[in-house]
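One structure is given here, and the rest of the page talks about it.
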Amino acid sequence: MSGRREELIVDGELLRVVVRRISLQIAERFSPFRECLLVAIQPRGVPFAERIVKTLETEGYLGGLVWGRLDPTLYRDDIKMKGAVIMPAETFIPESIEGRTVILVDDVIYTGRTVRAALDALMRFGRPHRVELAVLVDRRFSREVPIEPTIKGISVDAARGEQVRVCWQEIHGKEGVWLITEV
Amino acid sequence: MLARNSRERRRMADNRSVTDWRHRHLLGIKELTREDIETVFGVADRFMEVLRSPVRYVPALRDFTVATLFFEPSTRTRMSFELAAKRLSAEVISFSPGTSSLQKGETILDTVANVLAMGVDLMVVRHASSGTPHLIAECFPQVAVVNGGDGTHEHPTQALLDTYTLRREYGTLKGLRVAIVGDILHSRVARSNILCLKKLGAEVMVCAPPALLPHTIEKWQVAYTTQINIALRWCDVVYVLRIQKERQQSAYISSMDEYSHFYAITMERLLSAGKPFKVMHPGPMNRGIEIDSRVADAPHSLILQQVEHGVAVRMAVLYLIATARGHVKG
Numbered sequence: 127m128s129g130r131r132e133e134l135i136v137d138g139e140l141l142r143v144v145v146r147r148i149s150l151q152i153a154e155r156f157s158p159f160r161e162c163l164l165v166a167i168q169p170r171g172v173p174f175a176e177r178i179v180k181t182l183e184t185e186g187y188l189g190g191l192v193w194g195r196l197d198p199t200l201y202r203d204d205i206k207m208k209g210a211v212i213m214p215a216e217t218f219i220p221e222s223i224e225g226r227t228v229i230l231v232d233d234v235i236y237t238g239r240t241v242r243a244a245l246d247a248l249m250r251f252g253r254p255h256r257v258e259l260a261v262l263v264d265r266r267f268s269r270e271v272p273i274e275p276t277i278k279g280i281s282v283d284a285a286r287g288e289q290v291r292v293c294w295q296e297i298h299g300k301e302g303v304w305l306i307t308e309v
Numbered sequence: 003m004l005a006r007n008s009r010e011r012r013r014m015a016d017n018r019s020v021t022d023w024r025h026r027h028l029l030g031i032k033e034l035t036r037e038d039i040e041t042v043f044g045v046a047d048r049f050m051e052v053l054r055s056p057v058r059y060v061p062a063l064r065d066f067t068v069a070t071l072f073f074e075p076s077t078r079t080r081m082s083f084e085l086a087a088k089r090l091s092a093e094v095i096s097f098s099p100g101t102s103s104l105q106k107g108e109t110i111l112d113t114v115a116n117v118l119a120m121g122v123d124l125m126v127v128r129h130a131s132s133g134t135p136h137l138i139a140e141c142f143p144q145v146a147v148v149n150g151g152d153g154t155h156e157h158p159t160q161a162l163l164d165t166y167t168l169r170r171e172y173g174t175l176k177g178l179r180v181a182i183v184g185d186i187l188h189s190r191v192a193r194s195n196i197l198c199l200k201k202l203g204a205e206v207m208v209c210a211p212p213a214l215l216p217h218t219i220e221k222w223q224v225a226y227t228t229q230i231n232i233a234l235r236w237c238d239v240v241y242v243l244r245i246q247k248e249r250q251q252s253a254y255i256s257s258m259d260e261y262s263h264f265y266a267i268t269m270e271r272l273l274s275a276g277k278p279f280k281v282m283h284p285g286p287m288n289r290g291i292e293i294d295s296r297v298a299d300a301p302h303s304l305i306l307q308q309v310e311h312g313v314a315v316r317m318a319v320l321y322l323i324a325t326a327r328g329h330v331k332g
């Protein structure tokens, strides 16, 4: 009989500090956001992006920031390998990305394949001036494609079979980063 | 690790939304649950987003080959399927009987076997004989089959795009009153739509001249009438079927003029029903026979939306069947 072991590696308090630091980093580099869009990678980049937006608002740097969400499902290279048919999630980019800076946002970067698919999905909407990648957790030494975040929260070293899960109070009822192992 | 036994879409361990889609083929509405139909609608919503964005295709089926085998003539359904497959980046090949080996006496199954030997993953099949796609699916388990219309039996993608159009228009089909008018007896479109509408909670009435109502109509569990005004006064949406000229020749109706006189959907008839209405038609239309030009072109008409939604719905069907292929056994 197999079980799951869940180990808390970043508690809610520290998570909020990291989110705040990333939000302020984004404000420092891109405020007042006129030529900039935040694009959350579905599905788990969305709560992270919502937190960033809320933090920017609280800190007074929100300005005219526009943000949207992007689903990379239809661009994945492993769509038939998941054991069930995945329902594509909503893509909604409220303004043109042409000639603007896009900040892609996701909670965890692992092999980098999801971001690669998201980049393909993004290019469908035009040619951005540049693309930045903001992630909360960087699983180091795990890339299968040459993609690195340009803004990052914390680094975690995890083995192949382990999962790194970010949980948010409003969705999961708890907040923090967990390392999950099947034993 | 397969998601199993859930009635709603739920989150797998990695938080992605999965469907319960387990069909290797789409042979009819009969085999679909209400949940399956809602899954098709959900995926079609995403493809509508794709179709309305600057680059209208995605690479999801780039390693797939789709063949359309239309043993019966069709332009719009075939084009719609071809576009759907191309917008998923699949390779598409088309087979039409006029220029083919069928005229040299080859059987359907031999034709299919030959096409398959060339490496095809999915076939869209239309044939004048009911049950042909089912036969192909049974004889060739390695290929996925989508029914593009078989005889007088079913035309599942038409019903899916029609009900999807109604869902987008009304939000829900529960309690919606739909009257289907025309040659019910010979219509696979009517059969599939009746099944689909009922599964989604709509109320259905059919209206036809007595010779074009099946004599088993009581068993269909729908209301029926031979009086067009009764149908129009009752319904929220009128679905107009094409009347084929061949029916005139084989004495089902005495003349097209007589059919028009009693059953044509005219603006006068619709307005005198005294309530808001929408009009649908699967195409191609015989303007002036079963439907007036004024009606077809009026703001009440959902006909062009049906066509637009047809590509998105067919993309959804191809996506679901292609991605299910790996893990659903025949």
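So the sequences go chain by chain: C and D.
Quick note: the working numbering has the first sequence finishing at residue 309, numbered continuously throughout.
Quick note: the working numbering has the second sequence finishing at residue 332, numbered continuously throughout.
By construction, the Cβ of each residue, glycine as well, lies at the ideal position given by its N, Cα and C atoms.
Check, Outcome
"Every unbroken beta strand (DSSP E) within the region 144-169 of chain D, with a cutoff of 3 residues, ordered by chain", "146-152"
"Same chain, Cβ closer than 7 Å to D:E10, five either side skipped, listed in chain order", "Caution applies to D:E10, whose pLDDT of 33 falls short of 50 and renders its modelled position unreliable; the model cannot decide the point."
"Residue-level contact to chain C via CB, D:V45, 8 Å cutoff", "yes"
"Per-residue contacts from D:S55 into chain C (C-beta, under 7 Å)", "R250 and F251"
"Residues near C:R181 by beta carbon distance below 7 Å, same chain, minus five either side", "This sequence places Thr at residue 181 of chain C; Arg is not what is there. V145, R146 and S149."
"Local conformation of C:V211 per DSSP, three classes", "coil"
"At least three beta-carbon pairs within less than 8 Å, the region 39-46 of chain D to the region 308-318 of chain D", "yes"
"For D:F97, the three-state DSSP class (helix, strand or coil)", "strand"
"Assumed close pair D:E74, D:A130 - CB separation to whole angstroms, cut-off 8 Å", "5 Å"
"Cβ-based neighbour list, D:L175, same chain, cut-off 7 Å, excluding 5 preceding and 5 following", "T165, L168, R169, L199, L202, G203 and A204"
"Start-end ranges of the alpha helix (DSSP H) lying completely within the region 227-272 of chain C, minimum 4 residues", "239-249"
"Supposed close pair D:V240, D:I196 - CB separation, criterion 8 Å", "Actually they are not in contact, since the Cβ atoms of D:V240 and D:I196 sit about 15 Å apart, beyond 8 Å."
"Simplified DSSP state of D:L304, which is helix, strand or coil", "coil"
"Inter-residue spacing [alpha-carbon to alpha-carbon] between D:E140 and D:G312", "27 Å"
"Ordered list of alpha helix (DSSP H) runs contained in the region 161-207 of chain C, each at least 4 residues", "171-185"
"The region 236-248 of chain C / the region 190-204 of chain C touching (three or more Cβ pairs under 8 Å)", "yes"
"Extent of the continuous alpha helix (DSSP H) run through D:P234", "The sequence given here places Leu at residue 234 of chain D; Pro does not occur at that position. From DSSP, the alpha helix (DSSP H) with D:L234 extends over I230 to W236."
"Local Cβ density within 10 Å of D:S189, reported as buried at 16 or more and exposed below that", "buried"
"D:E140 in three-state terms, based on DSSP", "helix"
"The region 270-290 of chain D contacting the region 226-243 of chain D, beta-carbon criterion three pairs below 8 Å", "yes"
"Among C:V261, C:T240, C:G209 and C:G225, nearest to C:V231 - alpha-carbon criterion", "C:V261"
"Touching by the beta-carbon criterion (3+ pairs, under 8 Å), the region 113-130 of chain D and the region 62-80 of chain D", "yes"
"Beta bridge counterpart(s) of D:F72 as assigned by DSSP", "D:R128"
"For D:Q223, the residue or residues it bridges with in DSSP", "Beta-bridge pairing links D:Q223 to no other residue."
"Residue burial classification, D:F49 (beta-carbon count within 10 angstroms, cutoff 16)", "buried"
"Amino acids of chain C, ordered along the chain, whose beta-carbon sits closer than 8 Å to that of D:P61", "L200, Y201 and D246"
"Pair within 8 Å by beta-carbon distance, C:R195 and C:V172", "yes"
"Residue-chain proximity (D:E51, chain C), Cβ-Cβ < 8 Å", "yes"
"Chain C contact for D:V68 (CB, 8 Å cutoff)", "no"
"Identified DSSP bridge partners for D:T35", "Bridge partners of D:T35: none, in fact."
"Sub-8 Å separation of D:E37 and D:D22 beta-carbons", "yes"
"D:R36 at chain C interface by Cβ criterion, 8 Å", "no"
"Close Cβ partners of D:M269 (< 8 Å) along its chain, the five nearest in sequence each way excluded", "D294, R296, V297 and A300"
"8 Å contact criterion, which D:S91 and D:R54 should meet: CB distance rounded", "The pair is not a contact, with the Cβ atoms about 18 Å apart (cut-off 8 Å)."
"Closest by C-alpha distance to C:E224, when choosing among C:H255, C:Q168 and C:G299", "C:H255"
"Contact the region 156-169 of chain C vs the region 275-289 of chain C: 3+ CB pairs below 8 Å", "no"
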